[in-house]
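Undergrad:
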Amino acid sequence: MSMSNVKVSTRLSLGFGAILLIMLALTAIGIWRMQVISDVMVTMTQQDNLRLQETMRWRENREKNWIRTRAMLLNADPQFNAIWEPEIAATSAAISEGQKKIESLLRFEEGIRLFKGLDSHRAAYRNLRTALIQQSANGDHVADRVESELKPLADAYDQALGQFADYQLKVYTETRETALAQVHQSQIMLASVAGITLLLGIWGAWALGRSITRPLHQAVGIADEIAHGNLTQSFTISGRDETATLLTSLHEMQAKLASIVAGVRQNADSVANASAEIAQGNNDLSARTEQQASALEQTAASMEQLGATVRQNADNAAQANQLAMNANEVANQSGGVVEQMVSTMREIEDSGQRIAAIIGVIDSIAFQTNILALNAAVEAARAGEQGRGFAVVASEVRALAGRSAEAAKEIKTLIDTSVQRVGHGTQLADQAGHSMQEMINAIGRVTDIMAEISAASREQSSGVSQVGEAITQMDRTTQQNAALVEESAAAADNLRSQAVQLVQAMAFFQVNEGGTARPGPAAAQAAPRPSAKPIAAPAIKSGKVEKKLANSPKTTAPTAPKKAAPTAPTPAPATALTAPKPKPAAKAPSKPATSNEDDWETF
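In this note's numbering, the protein residues as written are 1169 to 1771.
This is how it looks when you write it as structure tokens:
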């Protein structure tokens, strides 16, 4: 299948899709290799490392138990044995637990064989050790058997344990080397796949670029001929991709341009008639624009008066706001004075209550003194003649205590009355404070309202000023529009003469008879196209046209194009062009404004 029959989007999709598939395969291979490495690392860290650690711990615990056992059996001290025997049992239990873990993690026959031999050595050692400990506990002398019988078993046990530990270290090292080999193998595999992907990407980019740029070069040549005014060229179109669609569109554009050129030539006279109508309409528009400008001037004057009134209201609102703020400040000061007065009244009330309490204490003291004097008089009466003088003193003290009690009652009555009056005054002061606070709050609300009124007045004044400025701007714009309308009317008068110059300018294009381009061999059987509708020429200002045509050959015959029309290529198998669908007539290009003289086109 030819690449020209495949769309560019499809080619791009296939190319990038292939690259994505290769990248996906590369990612899958990487994930697979990483999983293999992960399994090896898990085996190394979770199994081999754990076996090695448990073996090292087993060896350490065996050494501890041998030292304890030897010391205990050689000393033969019951107190010493009572200390070491529980520790030996605990360490032996830890060794048994670690031995079970190691047995569950064994993977190879060699490790299982060494483990079984180690287990048999440990069993022989433990049996003899248990028997010797039991004999020592019974009072037998077992020191000779420790060196002659137990030590050889302990050495054999230690040798077997050392061999097993060396084997576990060897397995751990081999597993680590296997993991490193897997990593190296994965790196080589990923690098190989990446290199293949790079080569395929380079080849795909070259093939894809070549299949796209060749038709584009052909399209550039055709567009260059059209730019030089040659609308008679023919070309071959092959394929069904986007570039073939581009060439088909260029063929349609050439035919449309030929039709447009013919239409412009035919409609030059109608431009003159239309220009007269445009001039009449511009005159009417100029009159209405002048009326609108007059009305806007009156509106601007009214807005200035309204703005002055609003500014005066804003100034009055600002003054009222300042007065309200002053009143609020005075009210706050008065409230502070009232609060100080209330605080002072409360302090006076507290002092009166403390004085009343003191008077109560004095009354109590007088009452107790009276009782003591009464007791003294009773004792003096019992004493008879010897206590008569003391009885006189007691009666005087009793009289003084009575008078003190009466005075204390009178003072307490006066103090109670004063405290009641002070309490009433405190209540009145509290009420005055509450009233003053309510007045302060009311003044504060009034101040806030006045501030809002002042802010609203300022915003209203600003808004009125903006409206006035907008109306003034509208007035200036309307006056400018009136001037532009007058210029437009003057420009419309020049359109008739410019129509002739337009025909001379359109003579630059070469067209076949009938105003259509000659179809190429591949488009020979294409259905006839609908003729283009007449296109109105764009409005051109006389001053601008005079500048452009000053150096143009407007009085000479049309010159030949810069490049000769290409010869018709040899017919090749290609897809025949189908009749294009009728398209609306192209819009007249607007004349770019390049100077201040062309500002009337904006209107």
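For glycine and all other residues, C-beta sits at the position ideal for the given N, C-alpha and C.
Where do the ends of the alpha helix (DSSP H) carrying residue 1280 lie?
TA: Along the sequence shown, read from residue 1 onward, the residue named residue 1280 stands at position 112. Looking at the DSSP string, the run of the alpha helix (DSSP H) that includes residue 1280 is 1277-1305.
Undergrad: Give, in chain order, every unbroken run of the alpha helix (DSSP H) that is at least 4 residues long and sits entirely within the stretch 1577-1606.
TA: Qualifying alpha helix (DSSP H) stretches: none in this window.
Undergrad: Should the stretch 1522-1537 be called in touch with the stretch 1583-1597, which here means at least 3 C-beta pairs below 8 Å?
TA: Enough Cβ pairs lie closer than 8 Å, so yes.
Undergrad: Taking only three categories from DSSP, how would you classify residue 1489?
TA: On the sequence shown, residue 1489 is found 321 positions in, with the first residue counted as 1. Reduced to three states, the DSSP call for residue 1489 is helix.
Undergrad: Pull up the CB-CB distance for residue 1657 and residue 1450, whole angstroms please, since I reckon it's below 8 Å.
TA: Here residue 1657 refers to the residue found at position 489 when the sequence shown is read from its first residue. Here residue 1450 refers to the residue found at position 282 when the sequence shown is read from its first residue. Between residue 1450 and residue 1657 the Cβ distance is about 4 Å, and since that is below 8 Å, they are a contact.
Undergrad: Helix, strand or coil for residue 1501, going by three-state DSSP, please let me know.
TA: The residue you call residue 1501 lines up with position 333 of the sequence shown. Residue 1501 falls in the helix class under three-state DSSP.
Undergrad: Can the beta-carbon of residue 1674 be found less than 7 Å from the beta-carbon of residue 1432?
TA: For the purposes of this step, residue 1674 is taken as the residue at position 506 of the sequence shown. For the purposes of this step, residue 1432 is taken as the residue at position 264 of the sequence shown. A contact, by the Cβ cut-off of 7 Å.
Undergrad: Is residue 1188 helix, strand or coil when you go by DSSP?
TA: Within the sequence shown, residue 1188 is the residue found at index 20, counting from 1. Three-state result, residue 1188: helix.
Undergrad: What whole-angstrom Cβ distance do residue 1314 and residue 1329 have, given they're in contact under 8 Å?
TA: For the purposes of this step, residue 1314 is identified with residue 146 of the sequence shown, where counting begins at 1. For the purposes of this step, residue 1329 is identified with residue 161 of the sequence shown, where counting begins at 1. About 20 Å separates the two Cβ atoms, so there is no contact after all.
Undergrad: Would you kindly report the start and end of the unbroken alpha helix (DSSP H) that includes residue 1368?
TA: Counting from 1 along the sequence shown, the entry for residue 1368 is found at position 200. From DSSP, the alpha helix (DSSP H) with residue 1368 extends over 1319-1395.
Undergrad: How about residue 1322 and residue 1234: do their beta carbons lie closer than 7 Å?
TA: Within the sequence shown, the letter at position 154 stands for residue 1322. Within the sequence shown, the letter at position 66 stands for residue 1234. A contact, by the Cβ cut-off of 7 Å.
Undergrad: Use the C-beta contact count for residue 1223: other C-beta atoms within 10 angstroms, 16 or more gives buried, fewer gives exposed.
TA: For the purposes of this step, residue 1223 is taken as residue 55 along the sequence shown, with counting starting at 1. The residue in question, residue 1223, is buried, as its Cβ has 16 or more Cβ neighbours within 10 Å.
Undergrad: Would a C-beta distance cut-off of 7 Å place residue 1479 and residue 1603 closer than the cut-off?
TA: If you number the sequence shown from 1, residue 1479 lands on position 311. If you number the sequence shown from 1, residue 1603 lands on position 435. No. Outside cutoff.
Undergrad: From residue 1366 to residue 1382, what distance separates their C-alpha atoms?
TA: As a position in the sequence shown, residue 1366 is number 198, starting the count at 1. As a position in the sequence shown, residue 1382 is number 214, starting the count at 1. Answer to the nearest angstrom: the Cα atoms are 25 Å apart.
Undergrad: What separation, rounded to the nearest whole angstrom, lies between the Cα atoms of residue 1386 and residue 1424?
TA: Within the sequence shown, the letter at position 218 stands for residue 1386. Within the sequence shown, the letter at position 256 stands for residue 1424. Near 20 Å, if we compare the C-alpha coordinates of residue 1424 and residue 1386.
Undergrad: Is the beta carbon of residue 1541 closer than 7 Å to that of residue 1566?
TA: Position 398 of the sequence shown, counted from the start, is the residue given in the question as residue 1566. Position 373 of the sequence shown, counted from the start, is the residue given in the question as residue 1541. Cβ atoms of residue 1566 and residue 1541: closer than 7 Å.
Undergrad: Measuring CA to CA, which of 1380, 1528, 1579, 1439 is closest to residue 1412?
TA: The sequence position of residue 1412 within the sequence shown is 244, counting from 1. Nearest of 1380, 1528, 1579, 1439 to residue 1412, Cα basis: 1380.
Undergrad: Pull up the DSSP beta-bridge partners for residue 1398, would you.
TA: Taking the sequence shown and counting its residues from 1, the one referred to as residue 1398 is at position 230. Paired residue(s): 1678.
Undergrad: Taking the alpha helix (DSSP H) that residue 1263 belongs to, which residues open and close that run?
TA: Taking the sequence shown and counting its residues from 1, the one referred to as residue 1263 is at position 95. 1246-1273 is the extent of the alpha helix (DSSP H) around residue 1263.
Undergrad: Measuring alpha carbon to alpha carbon, tell me which of 1458, 1529, 1611, 1618 ends up nearest residue 1487.
TA: By one-based count along the sequence shown, residue 1487 stands at place 319. Closest option to residue 1487, Cα to Cα, is 1618.
Undergrad: How long is the line joining the alpha carbons of residue 1544 and residue 1509, rounded to whole angstroms?
TA: On the sequence shown, residue 1544 is found 376 positions in, with the first residue counted as 1. On the sequence shown, residue 1509 is found 341 positions in, with the first residue counted as 1. Approximately 52 Å, taken between the alpha carbons.
Undergrad: If you draw a straight line from the C-alpha of residue 1646 to the C-alpha of residue 1606, how long is it?
TA: As a position in the sequence shown, residue 1646 is number 478, starting the count at 1. As a position in the sequence shown, residue 1606 is number 438, starting the count at 1. One C-alpha to the other measures close to 59 Å.
Undergrad: Grab the span of the alpha helix (DSSP H) containing residue 1235 for me, first residue to last.
TA: The count along the sequence shown starts at 1 and reaches residue 1235 at position 67. Taken as a continuous stretch (DSSP letters only), the alpha helix (DSSP H) holding residue 1235 covers 1217-1243.
Undergrad: Assuming residue 1256 contacts residue 1236 (C-beta within less than 8 Å), just tell me the rounded distance between them.
TA: Position 88 of the sequence shown, counting from 1, holds the residue named residue 1256. Position 68 of the sequence shown, counting from 1, holds the residue named residue 1236. Rounded, the Cβ-Cβ distance is 5 Å, consistent with contact.
Undergrad: When the Cα atoms are used, what is the spatial distance from residue 1678 to residue 1363?
TA: Within the sequence shown, numbered from 1, the residue matching residue 1678 stands at position 510. Within the sequence shown, numbered from 1, the residue matching residue 1363 stands at position 195. The straight-line gap from Cα to Cα measures roughly 56 Å.
Undergrad: Assign residue 1182 to buried or exposed, taking buried as 16 or more other Cβ atoms, counted over all protein chains shown, within 10 Å of its Cβ.
TA: Stepping through the sequence shown from its first residue, residue 1182 is reached at position 14. Counting Cβ neighbours within 10 Å, residue 1182 comes out exposed, since fewer than 16 surround it.
Undergrad: Using alpha carbons as the reference points, say which of 1187, 1401, 1611, 1388 lies closest to residue 1498.
TA: Position 330 of the sequence shown, counting from 1, holds the residue named residue 1498. Checking every option, the nearest Cα to that of residue 1498 belongs to 1611.
Undergrad: Suppose you measure from the CA of residue 1632 to the CA of residue 1428; what does that come to, to the nearest Å?
TA: Position 464 of the sequence shown, counting from 1, holds the residue named residue 1632. Position 260 of the sequence shown, counting from 1, holds the residue named residue 1428. Using only the alpha carbons, I get a separation of about 54 Å.
Undergrad: Please state whether DSSP places residue 1310 in a helix, a strand or coil.
TA: Position 142 of the sequence shown holds residue 1310. Coil.
Undergrad: Just the C-alpha distance for residue 1238 and residue 1217, rounded to the nearest angstrom, thanks.
TA: In the sequence shown, counting from the first residue as 1, residue 1238 sits at position 70. In the sequence shown, counting from the first residue as 1, residue 1217 sits at position 49. Going by the C-alpha atoms only, they are around 32 Å apart.
Undergrad: Drop a sphere of 10 angstroms on the beta-carbon of residue 1644, count the other beta-carbons inside from all chains shown, and report buried for 16 or more, exposed for fewer.
TA: Within the sequence shown, the letter at position 476 stands for residue 1644. Flag for residue 1644 reads exposed.
Undergrad: Taking buried to mean at least 16 other C-beta atoms within 10 Å of its own C-beta, is residue 1560 buried or exposed?
TA: Position 392 of the sequence shown holds residue 1560. Classification of residue 1560: exposed, given that the 10 Å Cβ count is below 16.
Undergrad: Check each candidate in 1253, 1334, 1275, 1369 and name the one with the smallest Cα separation from residue 1185.
TA: By 1-based counting over the sequence shown, the position of residue 1185 is 17. Answer by Cα proximity: 1369.
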